[in-house]
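Quick note: the sequence shown uses our numbering, first residue 25, plus one each step. By construction, the Cβ of each residue, glycine as well, lies at the ideal position given by its N, Cα and C atoms.
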Amino acid sequence: MNKQTLKPAIKKDDLQTFILLFDPGKYKRLKNGIELRGQPDLERNVAAAKLLIFKLKLNLMVISNANMATYRAFEVNNI
25 MNKQTLKPAI KKDDLQTFIL LFDPGKYKRL KNGIELRGQP DLERNVAAAK LLIFKLKLNL
85 MVISNANMAT YRAFEVNNI
């Protein structure tokens with residue numbers, strides 16, 4: 025009798041869901057998340073990212089500081 029093992033369905037993590045829905049043009053993978061670079065309207069994109077995370081109840085957080093703002097970037101990290 026052959027034993028067949030069922031592979032569990034691969035569940036996309038919150039970060040992958042965010043990338044698919046937010047559709048960033050340029051991003052860099054980090055240890056705990058991603059860095060989105062070259063955002064034309066940084067303030068609006070940070071607000072949109074926070075709203076998307078809130079609405080979908082993703083376990084992510086947005087990090088933005090003055091250093092990243094100099095090159096129009098922000099991070100989205102896993103909590």
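Beta-carbon proximity list for residue i, same chain, < 7 Å, skipping 5 on both sides
i     : result
Met85 : Asn101 and Ile103
Delimiting residues of the beta strand (DSSP E) encompassing residue i
i     : result
Arg53 : Lys50 to Arg53
Ile87 : Leu84 to Ile87
Own chain residues within Cβ distance below 8 Å of residue i, not counting five before or after
i     : result
Gly57 : Leu39, Leu84, Glu99, Val100, Asn101 and Asn102
Ala73 : Phe42, Phe46, Leu60, Val86, Phe98 and Val100
Met92 : Glu59, Phe98 and Glu99
Cβ-based burial, residue i [other Cβ within 10 Å; buried from 16]
i     : result
Ala97 : buried
Ile87 : exposed
Asn69 : buried
Ile34 : Any answer about Ile34 is weak, because its pLDDT of 40 lies below 50 and its placement is not dependable; what the coordinates show is given next. By the neighbour-count rule (16 or more Cβ atoms within 10 Å), Ile34 is not buried but exposed.
Beta-carbon proximity of residue i to residue j, cut-off 7 Å
i     : j     : result
Lys50 : Arg61 : yes
Residue i: first and last residue of the uninterrupted alpha helix (DSSP H) it sits in
i     : result
Asn56 : Neither: Asn56 is in no alpha helix (DSSP H) and is coded neither H nor E.
Lys74 : Leu66 to Leu80
Sequence-distant residues of its chain with Cβ nearer than 6 Å to residue i (five each side left out)
i     : result
Gln63 : Asn69 and Arg96
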